[in-house]
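Undergrad:
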Amino acid sequence: MRRVTGLAARTISSSVAIHPRLAQSMAITSISSSEPITRRFGGLPEISTPSFAGGFAGIVFFSAAAASSLGQEVHAKEMAHKFNPKEVVLYQYEACPFCNKVKAFLDYNKIPYKIVEVNPISKKEIKWSDYKKVPILTVDGEQMVDSSAIIDGLFQKMHPEISKSEDDEETKWRKWVDNHLVHLLSPNIYRNTSEALESFDYITTHGNFSFTERLVAKYAGATAMYFVSKKLKKKYNITDERAALYDAAETWVDALKERPYLGGSKPNLADLAVFGVLRPIRYLRSGKDMVDNTRIGEWYSRMENTVGEPSRIKE
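In my numbering, the protein residues as written are 1 to 315.
1. Tell whether a beta-carbon distance below 9 Å holds between L113 and V145.
2. Mind checking K175: buried by the 16 CB within 10 Å criterion, or exposed?
3. Evaluate E73 with the Cβ neighbour count: other Cβ atoms within 10 Å of its Cβ, from every protein chain shown; 16 or more gives buried, anything less gives exposed.
4. Taking the beta strand (DSSP E) that I150 belongs to, which residues open and close that run?
5. Under a Cβ-count criterion, where at least 16 other Cβ atoms within 10 Å of its own Cβ denotes burial, should N192 be classed as buried or exposed?
6. Among all the DSSP beta bridges, which residues are the ones paired with V139?
7. Given F62, which residues of its chain have a CB within under 8 Å of its CB, disregarding the five upstream and five downstream residues?
8. Reducing DSSP to helix, strand and coil, say where Y131 ends up.
9. Look up I115 in the DSSP assignment and say whether it is helix, strand or coil.
10. Please report the distance separating the alpha-carbon of I115 from that of E142.
11. Which value, in whole angstroms, describes the spacing of the CA atoms of D178 and V102?
12. Should L215 be labelled buried (16 or more other beta-carbon atoms within 10 Å of its own) or exposed?
13. Using 9 Å as the threshold, is the C-beta distance between S311 and L184 below it?
14. Nearest to Y236 by alpha carbon, out of L256, L181 and F275?
15. Is R282 helix, strand or coil when you go by DSSP?
16. Do you know offhand how far E272's Cα is from S122's?
17. Under 9 Å, do N119 and N188 count as touching if we go by C-beta distance?
18. Pull up the CB-CB distance for A104 and F227, whole angstroms please, since I reckon it's below 8 Å.
19. Can you find the residues in the same chain that come closer than 6 Å, C-beta to C-beta, to E315, ignoring five residues on each side of it along the sequence?
20. Measure the C-alpha to C-alpha separation of M225 and Y131 and round it to an integer number of angstroms.
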C-alpha cells in the first residue's frame, strides 16, 4: 500500500476564503466541523467501554442460562444507577463527522437521546447557547461542547472509578482521528465535480435546510468546495487524496494488530471515534472506494454490527 508522507497533523483553519454562511452548511467537512481542534484522526490504555448488558461474576445461579440473564440484569441496573439521565439532547448537523463521533458513543452505550437538527445558516436552534458550534449536548440541562470533551465527560459520568492517561494507546489514536484522519475527508469527497455534487446532495438531503437553501447549498456549495479542496491538498501536502485516505485506513488496520478492535474484544473510544467520523462518508463514492481498496471493511462491518441500531428517540 502506497504511503503518502507529509500529511499535516494540524487542524484546518476556519478562515478558508469562502462565504461564511455557505461554509456553515458544509458540516461534513473538516472546515466546518465545529471543533476547537487541540487533540486527536488516536489511542490510550486499552480500556473497553462496558455495555449496559455486561455480566456480573461471582453470583450463584441455578443454571448457565439463568446466570447469564441475571448477571446482565444486575449489571444493567448498576450502570443505570451510575448514569441514568432523564433527558439527553444532541444539537447537530447530520453529516458532521464530529457529531457522528458523539452519536457513535451514545448508540454503542444505548443511551437514549433526542436530536435537534441545526440549520447551518441561521443556527436559530442554538441561539440560546453562547457556544455557536456543533455538536452541543445537553444532559438534564447541562451543556457539553466539543466532541472529544463530550465523550470524555460522558465516559466519566458512566465510569467515575476509571482515570485515563493522556499517553496511552487509546488517546494516541483518538488524537490521530481529530488531527489527521478528519482532514482527509474534504479533499476526497470534493475531489471532482461529480463527487462534490454527490456529497452536497447527501448534506442537503439530511440537513436542516429550507428549499431555497438546499438548492443554493447544493450547487454553489459543491462548486466552492471543489476549489477549496484543492487548496487543502496543497496546505497539507497531499499529492493523491485517495492514496492518502487508503493509507490512513491501512494505518488504522495495522494499529489493530489483528485484534477485533483497538480495545481488544470490545471497541474502545478510539474505535468509536474512527467509526464515527467515517460513517458519514461510508456510502459516498470515497467511502466505497476506501472499503474496496483497503482492509478496513471487515473492521467497519464489525463496528456497524456492534454499535447496532441508533438509540435516538424519534419524535
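Just so it is clear, CB atoms sit at the ideal spot from N, CA and C, and this is done for glycine as well. Just so you know, these numbers come straight off a predicted model, no measurement behind them.
TA: Well, looking at it:
1. Contrary to the premise, residue 113 reads as Tyr rather than Leu in this sequence. No, they are not a contact pair.
2. Label assigned to K175: buried.
3. Only weak support exists for where E73 lies, its pLDDT of 44 falling under 50; the value from the coordinates is given anyway. With fewer than 16 other Cβ atoms within 10 Å, it is exposed.
4. Not the beta strand (DSSP E): I150 falls in the alpha helix (DSSP H), residues S147 to M158.
5. Taking all protein chains shown into account, N192 has fewer than 16 neighbouring C-beta atoms within 10 Å of its C-beta and is therefore exposed.
6. Bridge partners of V139: V88 and E142.
7. In this predicted model, F62 has a pLDDT of only 32, less than 50, meaning its place in the structure is not dependable; the value taken from the coordinates is given anyway. Once the five neighbours on either side are set aside, F62 has no close Cβ partner at all.
8. Y131 falls in the coil class under three-state DSSP.
9. In the structure shown, I115 sits in a strand (DSSP, three-state: E or B).
10. Cα to Cα, I115 sits roughly 16 Å from E142.
11. Going by the C-alpha atoms only, they are around 13 Å apart.
12. Taking a 10 Å sphere around the C-beta of L215, we find fewer than 16 other C-beta atoms and assign the residue as exposed.
13. Result no, Cβ atoms of S311 and L184 do not sit closer than 9 Å.
14. Taking the Cα of Y236 as reference, the smallest distance to any Cα among L256, L181 and F275 is reached at L181.
15. In the structure shown, R282 sits in coil (DSSP, three-state: anything other than H, G, I, E or B).
16. What sits at residue 272 in the sequence shown is Leu, not Glu. Their Cα atoms are separated by approximately 30 Å.
17. Between N119 and N188, the C-beta spacing is not below 9 Å.
18. The C-beta distance from A104 to F227 rounds to 31 Å, too long to meet the 8 Å contact threshold.
19. Around E315: no qualifying Cβ.
20. Between M225 and Y131, the C-alpha separation is close to 25 Å.
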